[in-house]
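Under the UniProt record's numbering, think of the first position of the sequence shown as 1, with each following residue one higher. Shown next, in structure tokens, is the structure this report addresses.
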Amino acid sequence: MSPVNLTARALFGFLKIRLNNLQKDISVVAGFHEWNDVQHIIETIIRVNVIIKSEIEFIFEHWMPFYHYSTPPLSIPAMKVYNALVNILTVKFNILARPVNNETVARLLLEYNKLNNLIPIAIAELDTLNQLSIDLNVDPPIVGPRLPQPPQNITPFPTSFSSSDSSSSSSSYSSSLSGIRVHPLDMAAAKIYFKTYRKKHRKPRKSRKLRKSRKSRKLRKSRKPKKSRKPKK
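What follows is the structure in structure tokens.
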């Protein structure tokens, strides 16, 4: 069951339940001490690997919105919860990075024992955070704004451009814009393109040769006006 519109205290209780259930799931692996049936151990580890992958990611997905927007006085103990969950996540990566076979079983069991010891630490930090919230009477709502997503009928702005496809795509792109509102994210990408990419990759113009300055023509001597002939008598 996933929490919807929870406050901080409800989230803390929800995460504690998920962590307790996770510890029960991995206890079947962390409790192995006899090596009578190695094949059974391998099959159990493969099954539990699927559980820890989805469950730890689920816990982080619900914890991070509160952690990102936490403020004092809850932000300091929230950091301790975050560090405890990061340690759990690190062990999960170590487990899933190894193949499950006869050579890796011993190492995987050690990692599962480590994970089994880290989960109670995260639960204890959640208890401390929850108690502080009760003592101070602080129970903020969980804030997690969604990123705006473009409508389905608008294609995302291309991230790379080439001179070969620019001419062919310009006509089809201009025709598809008719009657469609361009999303603000696409407009922002377009502005970035025209400011950066186009300036850097635009072909430089051929420099025109400087024209030689024409020699100044010598001023011609002004001709004297002809004397008008007097009419003969």
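Note that CB positions come from ideal geometry on N, CA and C, so glycine has one too.
(message) Please identify the residue among K24, P99 and T7 whose C-alpha is closest to the C-alpha of I119.
(response) The option with the nearest alpha carbon to I119 is K24.
(message) I need the DSSP call for T7, collapsed to helix, strand or coil.
(response) Here T7 carries a strand assignment [DSSP, helix/strand/coil].
(message) Within a Cβ cutoff of 7 Å, which residues of the same chain sit near S133, ignoring the five residues on either side of it in sequence?
(response) Scanning its chain for C-beta atoms nearer than 7 Å, with the 5 sequence neighbours on each side dropped, one finds around S133 the residues A8, R9, L74 and D139, in chain order.
(message) Suppose you measure from the CA of T128 to the CA of G13; what does that come to, to the nearest Å?
(response) 12 Å
(request) Could you check which residue in K92, A84, K114 and V105 has the C-alpha nearest to that of I123? (result) Cα-wise, what sits closest to I123 is A84.
(request) Hey, could you find the ends of the alpha helix (DSSP H) I142 is sitting in? (result) Where I142 is concerned, there is no enclosing alpha helix (DSSP H), because DSSP gives it neither an H nor an E.
(message) When you compare the segment 95 to 115 with the segment 64 to 82, are there three or more beta-carbon pairs, one atom per stretch, that lie closer than 8 Å?
(response) no
(request) Give a yes or no on contact between the segment 55 to 62 and the segment 96 to 103, applying the rule of three or more CB pairs nearer than 8 Å. (result) no
(request) Note down the Cα distance separating I142 from I26, rounded to an integer number of angstroms. (result) 29 Å
(request) Using beta-carbon positions only, say whether P65 and E125 come within less than 8 Å of one another. (result) E125 sits away from P65, with the two beta carbons spaced by 8 Å or more.
(request) Following the continuous alpha helix (DSSP H) through L108, name the residue where it begins and the one where it ends. (result) V105 to D135
(message) So, at 6 Å on beta carbons, what are the nonlocal neighbours of A22 in its own chain, with the 5 sequence-adjacent residues on each side left out?
(response) In the sequence as presented, Ala is not what sits at residue 22; that position holds Leu. Same-chain partners within the cutoff: E55.
(message) Out of Q131, V81, L19 and I95, which one is the CA nearest neighbour of I46?
(response) By alpha-carbon distance to I46, the top candidate from Q131, V81, L19 and I95 is I95.
(request) Could you tell me the distance, in whole angstroms, from the CA atom of A30 to the CA atom of K92? (result) 13 Å
(message) Quick check on N100: does DSSP put it in helix, strand or coil?
(response) This sequence places Val at residue 100; Asn is not what is there. Correct three-state label for V100: coil.
(message) For L15, count the other beta carbons within 10 Å of its own beta carbon; 16 or more makes it buried, fewer makes it exposed. Which is it?
(response) buried
(message) Between the alpha carbons of Q131 and L6, how many angstroms are there, rounded?
(response) 17 Å
(request) Within 10 angstroms of the Cβ of I17, are there 16 or more other Cβ atoms? Answer buried if so, exposed if not. (result) exposed
(request) Pull up the distance between the alpha-carbon of residue 234 and that of L110, whole angstroms please. (result) The structure shown does not extend to residue 234, since the chain spans only 1 to 233, so no value can be given for it.
(request) Report the three-state DSSP secondary structure of G13 (helix, strand or coil). (result) helix
(message) Please report the straight-line C-alpha distance between N36 and V81, rounded to a whole angstrom.
(response) 38 Å
(message) Out of V48, V38, H68 and E57, which one is the CA nearest neighbour of K90?
(response) First, the amino acid is wrong: residue 90 is Thr here, not Lys. Out of V48, V38, H68 and E57, E57 has the C-alpha closest to the C-alpha of T90.
(message) Please report the straight-line C-alpha distance between H68 and Q39, rounded to a whole angstrom.
(response) 43 Å
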